[in-house]
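Take a look at the structure set out below.
In the working numbering, the protein residues as written are 2 to 789.
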């Protein structure tokens, strides 16, 4: 019988692998814990370092995409290349050395990320460009990620020796153990570590766990192990105290010219209170959100909007109330109620303690402070408001973008009283509006016009956008605003009789209106088509290099059909390589092709889940660990089911496995479209209770299902790829998986989603899976070149 036709018998070793998890048979249970620690260490380190990189680069999604892709690339290098080059005569010793190495490297990596801003001479609050982002990610993550990827291959070899199993069985078991460890690590980080410990304390505990695992592998006699464990336990309190002090010093070093007054981690971000001779600043995820004193910003934030209304009695202020804006709003004599919404309660706590003068206004009986997402408050409140002010930064991230979308403007319009006013600000220019800036401002203005009858924009370094549900309510005549200012007897420093005529000069207003007039092709910004965020990225990139600007502009101008055609061509080239590969074994090539496509798909789905959660709920910092944990739990579940399927099927024909691969790719093809439909349906949920349920349950279930697809596929592809290839390197297929995921992380988060939106992104992901599904199905009928 030829090898092409011979069925693959389910190896008995896979029984022992599953028994290991269920009954402790086959391999001692402590070894399973050591191997699962590989996944736990990787996922906790990923969450910690991604959060650190978000702070370093201002929470920019481009930075997240670059960091994720770099992480996966270096992990693939460690798994696929370094494990090949190394001579592994003693897997136990190799595992132990690598775990000691990761224990040392992880805190060094955190410190390196924090120090990177100083290396590029970045001033506080400055957002670094693409090259510093790339260099920091490549340099800081390289050593740890290579060691982490190598650990997977070393663990698979160790399983092969301990269980006397085949290479395919060991790799599948290692994949399952790593995924299970990742799930446990992600949940532990979310529930027990991140809320109570800082980054360096977390990685110090993780390092201690890896040192303990190394001691288990290196010290064969139990009394030596026990002594090592006792010493480590005694060192834990001292190491945590040392890590806490080091954490504060390295945080302070990130802000030259400032004194670090306080720092805190919350569900929503990393916070710091800074002070210098000019005042105090609260920074969240690297971006300044409150600076005091700043009377000009405080006055302009509220008075431009409140003076548009003849007698404002109720105000909703979303963000920005701690810079003096609350005091300014309360000076209007008709004001009866101010609802101030701030997402992060930790910001309010820091302000209460460190900005007492500004916080005093929050104690006014007319002020009602709400610690929740501004979008959720708008959606669930039954109140109506005369004026709504969104005092937030520009749409520099997908999180901020959701306050400049069609959906937000519609929600605001529904909560305004007849003749009510919505106001927000964007950075602009006194005179010249560059093409990139004009593109962003036109997009936001066009989006605003779809929900409001009257729209006006006040020119300046900061463009003030005003919108009303009633036509003829807004005015840009300075004399009318000055008249209202006097009638209300407002004592202001900047918003005065001499300032308003300059700011509202008729020629400047007319010129800005002309520059912001909609053009053919002006796009509308949406929750699931976050194009304004991409335009802000284009504007941001132009600050660093003309080449960056041209690249981002060119990518934004690529028509969707052309992008679809290019992707199809690339996938067909990949299919051609499968048929041409050395040796002509199409089965193995099809398995690798499917694994690469699934790696791309899983990261793309993870990014869509994270951005979707952010779009609906307004924060991601805390949920990052939960979604990743659910994702990895799904991978563990899918892998366990696949191993059980392979074990219980006594004879599994190769062509049958290829058809199962094809079916799995079809499910992966449909999954992003189902995900988009689910996200679109969730936008209609108006209950705060149900919204919380969705945030903590539905997204976790979606992540669980997405991960299960990859977990199910890998053991099947692994069986096909390594059948009778016992000398094959165990990290090869894992590296292929990571390489596909690397491409997905960078392209989806930084380009495809903001330019084409969620739905078209889902269609592109579907295409990525369609071609491998067809290749696997064709190969099942004709696995060309497989010799007898």
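The beta carbon of each residue, even a glycine, is placed where N, CA and C say it ideally should be. Being a predicted model, the structure only gives us computed values, none of them experimental.
Rounded Cβ spacing between residue 391 and residue 591 (contact assumed at less than 8 angstroms): Not quite, the Cβ-Cβ distance comes to about 51 angstroms (not below 8 angstroms), so this is no contact.
Neighbour-count burial assignment, residue 122, 16 or more Cβ in a 10 Å radius: exposed
Minimum C-alpha distance to residue 113 - residue among 50, 160, 100: Closest option to residue 113, Cα to Cα, is 50.
Three-state secondary structure assigned by DSSP to residue 495: coil
Endpoints, alpha helix (DSSP H) assigned at residue 200: 200-219
Inter-stretch contact (C-beta, 8 angstroms, three-pair minimum) for the stretch 388-406 and the stretch 311-328: A contact exists between the stretch 388-406 and the stretch 311-328.
For residue 319, three-class secondary structure by DSSP: Three-state result, residue 319: strand.
Residue 180 beta carbon less than 7 angstroms from that of residue 160: No; because the gap between Cβ atoms is not below 7 angstroms, this pair is not in contact.
Reduced DSSP secondary structure (H/G/I, E/B, other) of residue 766: helix
Local Cβ density within 10 Å of residue 234, reported as buried at 16 or more and exposed below that: exposed
Supposed contact pair residue 444 and residue 524 - C-beta distance, whole angstroms, cut 8 angstroms: 6 angstroms
Residue of 109, 410, 605, 469 minimising C-alpha distance to residue 247: Among 109, 410, 605, 469, the Cα nearest to that of residue 247 is on 109.
Residue closest to residue 503, alpha-carbon to alpha-carbon, out of 519, 551, 432, 490: 432
Bridge partners - residue 281, DSSP secondary structure assignment: 276, 293
Residue 491 versus 303, 476, 520, 641, residue with shortest Cα-Cα distance: 303
Alpha carbon of residue 54 to alpha carbon of residue 536, nearest angstrom: 22 angstroms
Residue from 241, 422, 194, 228 whose Cα sits closest to the Cα of residue 307: 422
Rounded Cβ spacing between residue 280 and residue 293 (contact assumed at less than 8 angstroms): The distance from the Cβ of residue 280 to that of residue 293 is about 5 angstroms, consistent with a contact at the 8 angstroms cut-off.
Chain-order list of residues whose beta-carbon lies under 6 angstroms from that of residue 146 (same chain, five-residue window excluded): Within the same chain, Cβ atoms closer than 6 angstroms to the Cβ of residue 146 are found at 72, 75, 76, the five residues on either side in sequence being excluded.
Assigned exposure category for residue 588 - 16 Cβ within 10 Å defines buried: buried
Spatial distance of residue 420 from residue 475 (CA atoms): Per the coordinates, the alpha-carbon of residue 420 lies some 9 angstroms from the alpha-carbon of residue 475.
Residues near residue 744 by beta carbon distance below 7 angstroms, same chain, minus five either side: 601
Chain-order list of residues whose beta-carbon lies under 8 angstroms from that of residue 628 (same chain, five-residue window excluded): These residues qualify, in order along the chain: 607, 610, 611, 614, 700, 701, 704.
Cβ shell of residue 298 (< 7 angstroms), same chain only, five flanking positions each side left out: Within the same chain, residue 298 has close Cβ partners 324.
N- and C-terminal bounds of the beta strand (DSSP E) containing residue 341: Its beta strand (DSSP E) spans residues 338-342.
Inter-residue Cα distance where the pair is residue 641 and residue 713: Inter-residue distance for residue 641 and residue 713 is about 8 angstroms (C-alpha atoms, whole angstroms).
Option in 446, 498, 163 with minimal Cα separation from residue 31: 163
Minimum C-alpha distance to residue 414 - residue among 648, 69, 471, 360: 471
Cβ-Cβ separation, residue 48 to residue 187 (assumed contact under 8 angstroms), whole Å: Between residue 187 and residue 48, the beta carbon gap of about 7 angstroms places them in contact (Cβ cut-off 8 angstroms).
Delimiting residues of the alpha helix (DSSP H) encompassing residue 440: 436-450
Which of helix, strand or coil DSSP assigns to residue 779: helix
Inter-residue spacing [alpha-carbon to alpha-carbon] between residue 550 and residue 762: 23 angstroms
Simplified DSSP assignment, three categories, for residue 459: Note: residue 459 maps to strand in three-state DSSP.
Residue from 135, 207, 56 whose Cα sits closest to the Cα of residue 104: Taking each of 135, 207, 56 in turn and checking the Cα distance to residue 104, the smallest one comes out for 207.
Cut-off 8 angstroms between Cβ atoms - residues of its own chain near residue 453, not counting five sequence neighbours on either side: 410, 414, 423, 468, 469, 470
Reference residue 33; option with closest CA among 106, 772, 66, 214: 214
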